[in-house]
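Okay, structure first, notes after.
Number of protein chains: 2
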Amino acid sequence: MKVIKTIEEARREIGIWRKQGLTVGLVPTMGYLHNGHKSLIEKAKAENDKVVVSVFVNPIQFGPTEDLDKYPRDIERDSVIAEEAGASFIFNPEPAEMYKSTFSTYVDCEGITEGLCGSKRPGHFQGVCTVVSKLFNIIKPNRAYFGEKDAQQLAVIKRMVRDLNFDVEIVPCPIVREEDGLAMSSRNVYLSQEERRAALILSKSLTRSKELLKNGEKETKKILEEIIKVIETESLSKIDYVEIVDSEDLAPVSTVEKPVLIALAVFIGKVRLIDNFTFIG
Amino acid sequence: MKVIKTIEEARREIGIWRKQGLTVGLVPTMGYLHNGHKSLIEKAKAENDKVVVSVFVNPIQFGPTEDLDKYPRDIERDSVIAEEAGASFIFNPEPAEMYKSTFSTYVDCEGITEGLCGSKRPGHFQGVCTVVSKLFNIIKPNRAYFGEKDAQQLAVIKRMVRDLNFDVEIVPCPIVREEDGLAMSSRNVYLSQEERRAALILSKSLTRSKELLKNGEKETKKILEEIIKVIETESLSKIDYVEIVDSEDLAPVSTVEKPVLIALAVFIGKVRLIDNFTFIG
Chain C
1 MKVIKTIEEA RREIGIWRKQ GLTVGLVPTM GYLHNGHKSL IEKAKAENDK
51 VVVSVFVNPI QFGPTEDLDK YPRDIERDSV IAEEAGASFI FNPEPAEMYK
101 STFSTYVDCE GITEGLCGSK RPGHFQGVCT VVSKLFNIIK PNRAYFGEKD
151 AQQLAVIKRM VRDLNFDVEI VPCPIVREED GLAMSSRNVY LSQEERRAAL
201 ILSKSLTRSK ELLKNGEKET KKILEEIIKV IETESLSKID YVEIVDSEDL
251 APVSTVEKPV LIALAVFIGK VRLIDNFTFI G
Chain H
1001 MKVIKTIEEA RREIGIWRKQ GLTVGLVPTM GYLHNGHKSL IEKAKAENDK
1051 VVVSVFVNPI QFGPTEDLDK YPRDIERDSV IAEEAGASFI FNPEPAEMYK
1101 STFSTYVDCE GITEGLCGSK RPGHFQGVCT VVSKLFNIIK PNRAYFGEKD
1151 AQQLAVIKRM VRDLNFDVEI VPCPIVREED GLAMSSRNVY LSQEERRAAL
1201 ILSKSLTRSK ELLKNGEKET KKILEEIIKV IETESLSKID YVEIVDSEDL
1251 APVSTVEKPV LIALAVFIGK VRLIDNFTFI G
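Here is the structure:
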């Protein structure tokens, strides 16, 4: 698997494809690829001639107390997975290649970034929007693939693409889960055996809310109470947030009338995990 | 002269050019074209197969007390000038075409926007960076042409292009002046006959500072004092700012050692005019 570390070389490679009239799919990840990422790459490969997988761990989307330094990295493993899934090259620049010392331009998406992870991780979505803008300008993909596990990220990127007129089709991809229901995440590697078992409480609590919604419950207050009750049965868990919001603009809703996103972030020990689903009705 | 009002139509037209392998130059203006703009369009035409002139008056770069509503517009005249200069089409979208009611994504360039016009016009460069990003994504030019009269804008756009990796070459173009030295500006049309005469004080004061620099003066404090003294001889003038800054990062300098930008903004009556020059040494 070819690993490209400079913007110039990535541009050169993509320039050749462009001259041949080939289409390009981009899968922006932070590496340590799992089957969720693999499903994105496979979908990208099915829909484009060429696929670029970025594994750049973007420092500016981590807060000062977050896990940038210990974020898991394994370029050898990533290469094998990306190759199997059909990627054309991995983009793995050093931070200094992406951010010069005098770097000072940021992309901000307002409003939609206020709740959910945005309120808990100040600056996170500015970092995401900025790096994704950069990747779009470097790779110039026809399509870019984002997992629905990061539901707010997906909504923010869609909004940014619309607002700034990026000529990129954003393709959402469903959450991939372990057999027992845990949403796949690079951060799952942090979990001890006991925490791994406790982490099931996220998907379990969402399953409970899905039942309520299917039975016709419309009051989000009641649904939220029930989710919280389920999560609190797990002693290793600590809720970061549980929210029910409009699936498009992510504004909180009190009654389920239009499609809603039910999203949560829960600490299992020191590991912060997220999960969600969208209820169309 | 073809005038295109929708993003979709602009994309369609440019898509045809791209398939033919043609290069595209973009001249972003706010219309009411003068000979300064014309020189940009002519340069763009000399260096590219096709030239797009945007005349979109960008509401989000105007402050609440600024001249958005009365900003001069004349699409008929602009069409004639753009056609003569070799443009392929004029891009003239309505504000609602560029900014949906739920628009919420902004591009910010920090640091470099703090002094000069940035400190006097809060939000101005956020508006500029955001609309230029949009135009780059819509038109996807090979090259974009900016006048040196808006020296800070040029520096900000260069920084933004570098930081966000836009694949666009920024081409600076020299200030075009009236015979008596007044820098051409769409806002010159606001000036009464008396103010038009008084407005010469901007270029006169810069000429005086150029003399000092050529005679070896290095202390910016002395040069600034002299500029201010010259401007204050004109009773209709009111200084908004006079600054001497590093020509690249726009940080204030006390001694002229590297190339500097000498820039000023002066109200003549109610009309705010800007002028500048860069001293290489």
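From first to last, the protein sequence lines are chains C and H.
Just so we're aligned, residue 1 is where the first sequence starts under our numbering, counting upward by one.
Just so we're aligned, residue 1001 is where the second sequence starts under our numbering, counting upward by one.
Backbone N, C-alpha and C define an ideal beta-carbon position, used for all residues, glycine too.
For V230 (chain C), three-class secondary structure by DSSP: Residue numbering aside, residue 230 (chain C) sits at position 230 when the first sequence is read from its first letter. Reduced to three states, the DSSP call for V230 (chain C) is helix.
For G111 (chain C), the three-state DSSP class (helix, strand or coil): Here residue 111 (chain C) corresponds to residue number 111 of the first sequence, with the count starting at 1. Three-state DSSP puts G111 (chain C) in coil, outside helix and strand.
Complete runs of the alpha helix (DSSP H) confined to the stretch 1119-1143 of chain H [at least 4 residues]: 1124-1139
L1264 (chain H): first and last residue of the uninterrupted beta strand (DSSP E) it sits in: The sequence position of residue 1264 (chain H) within the second sequence is 264, counting from 1. That run of the beta strand (DSSP E) goes V1260 to I1268.
Neighbour list for R1159 (chain H) in chain C, Cβ cutoff strictly below 7 Å: For this step, residue 1159 (chain H) is matched to residue 159 along the second sequence. Within 7 Å Cβ-Cβ: S104 and T105.
Per DSSP, the bridge partner or partners of V3 (chain C): Translated into positions along the first sequence, residue 3 (chain C) becomes position 3. Answer by DSSP bridge pairing, in chain order: C:I90.
Within chain C, the residues that G1127 (chain H) reaches when beta carbons sit closer than 7 Å: Here residue 1127 (chain H) corresponds to residue number 127 of the second sequence, with the count starting at 1. Correct list: empty, because the minimum Cβ distance to chain C is about 13 Å.
Buried or exposed by the 16-neighbour rule on C-beta atoms within 10 Å, applied to S192 (chain C): By one-based count along the first sequence, residue 192 (chain C) stands at place 192. Answer is exposed; the Cβ neighbour count stays below 16.
Counted within 10 angstroms of its Cβ, other Cβ atoms place P1064 (chain H) as buried (16 or more) or exposed: Taking the second sequence and counting its residues from 1, the one referred to as residue 1064 (chain H) is at position 64. It is exposed - the Cβ of P1064 (chain H) has fewer than 16 other Cβ atoms within 10 Å.
Proximal residues to K45 (chain C) (C-beta, below 6 Å), its chain only, five neighbours per side dropped: Residue mapping note: residue 45 (chain C) aligns to position 45 of the first sequence, counting from 1. The answer, listed in chain order, is V51 and G86.
Segment contact flag, the stretch 1093-1109 of chain H with the stretch 154-164 of chain C, C-beta cutoff 8 Å, min 3 pairs: yes
Own chain partners of E195 (chain C) with C-beta closer than 8 Å, once the 5 adjacent residues on each side are dropped: If you number the first sequence from 1, residue 195 (chain C) lands on position 195. Result list for E195 (chain C): L236, I268, G269 and V271, in chain order.
CB contact flag (V1171 (chain H), R1143 (chain H), <7 Å): What you label residue 1171 (chain H) is simply residue 171 of the second sequence in a count that begins at 1. What you label residue 1143 (chain H) is simply residue 143 of the second sequence in a count that begins at 1. Yes, the Cβ-Cβ distance between V1171 (chain H) and R1143 (chain H) is below 7 Å.
Exposure of I201 (chain C), with buried meaning 16 or more beta-carbon neighbours within 10 Å: Numbered from 1 along the first sequence, position 201 holds the residue referred to as residue 201 (chain C). Buried, by the Cβ-count rule.
Near-chain C residues of the stretch 1012-1041 of chain H - C-beta to any C-beta below 8 Å: none
Counted within 10 angstroms of its Cβ, other Cβ atoms place P1259 (chain H) as buried (16 or more) or exposed: For the purposes of this step, residue 1259 (chain H) is taken as the residue at position 259 of the second sequence. With fewer than 16 other Cβ atoms within 10 Å, it is exposed.
CB contact check: N215 (chain C) to chain H, cutoff 7 Å: By 1-based counting over the first sequence, the position of residue 215 (chain C) is 215. No, its Cβ sits nowhere closer than 7 Å to a Cβ of chain H.
K1134 (chain H) at chain C interface by Cβ criterion, 7 Å: Translated into the one-based positions of the second sequence, residue 1134 (chain H) becomes position 134. Answer yes: the Cβ-Cβ gap between K1134 (chain H) and chain C drops below 7 Å somewhere.
First and last residue of the uninterrupted beta strand (DSSP E) at R1272 (chain H): Within the second sequence, numbered from 1, the residue matching residue 1272 (chain H) stands at position 272. Where R1272 (chain H) is concerned, the enclosing beta strand (DSSP E) stretches over V1271 to F1279.
contact_flag[the stretch 1223-1230 of chain H, the stretch 1061-1080 of chain H] where n(CB pairs < 8 Å) is 3 or more: no
Coarse secondary structure for Y963 (chain H), derived from DSSP in three states: Given that chain H is displayed from residue 1001 to residue 1281, the structure contains no residue 963 (chain H) and the question cannot be resolved.
Residues near G118 (chain C) in its chain [Cβ-Cβ closer than 6 Å; skip 5 each side]: Residue mapping note: residue 118 (chain C) aligns to position 118 of the first sequence, counting from 1. Result list for G118 (chain C): F125, in chain order.
Simplified DSSP assignment, three categories, for D69 (chain C): Working through the first sequence from its first residue, we reach residue 69 (chain C) at position 69. Note: D69 (chain C) maps to coil in three-state DSSP.
Proximity test, Cβ basis, 7 Å: L1154 (chain H) and chain C: On the second sequence, position 154 is the one that residue 1154 (chain H) refers to. L1154 (chain H) does not count as touching chain C.
Beta carbon of A1183 (chain H) nearer than 7 Å to that of K1149 (chain H): Numbered from 1 along the second sequence, position 183 holds the residue referred to as residue 1183 (chain H). Numbered from 1 along the second sequence, position 149 holds the residue referred to as residue 1149 (chain H). Going by C-beta atoms, A1183 (chain H) is nearer than 7 Å to K1149 (chain H).
Three-state secondary structure (DSSP) of D240 (chain C): Position 240 of the first sequence, counted from the start, is the residue given in the question as residue 240 (chain C). Strand, per DSSP.
Interfacial residues, the stretch 1256-1278 of chain H to chain C, with Cβ spacing under 9 Å: none
Contact set between L1200 (chain H) and chain C, taken where Cβ atoms lie within less than 7 Å: Position 200 of the second sequence, counted from the start, is the residue given in the question as residue 1200 (chain H). In chain order: nothing, as chain C lies at least about 36 Å away.
Contact under 7 Å by Cβ, I90 (chain C) with L33 (chain C): Within the first sequence, numbered from 1, the residue matching residue 90 (chain C) stands at position 90. Within the first sequence, numbered from 1, the residue matching residue 33 (chain C) stands at position 33. No, these two residues do not count as a Cβ contact at 7 Å.
Contacts that I1138 (chain H) makes with chain C (C-beta to C-beta distance below 7 Å): Start at 1 with the first residue of the second sequence, and residue 1138 (chain H) comes out as number 138. The answer, in chain order, is N165.
K210 (chain C): first and last residue of the uninterrupted alpha helix (DSSP H) it sits in: If you number the first sequence from 1, residue 210 (chain C) lands on position 210. Run containing K210 (chain C): L200 to K214, per the alpha helix (DSSP H) assignment.
Environment of G21 (chain C) [buried if 16+ CB atoms lie within 10 Å]: Locating residue 21 (chain C) in the first sequence gives position 21, counting from the first residue. So G21 (chain C) ends up on the exposed side.
Chain-ordered residues of the stretch 1092-1121 of chain H with a beta carbon less than 9 Å from chain C: M1098, Y1099, K1100, T1102, F1103, S1104, T1105, Y1106, V1107, D1108, C1109, E1110, G1111, I1112 and T1113
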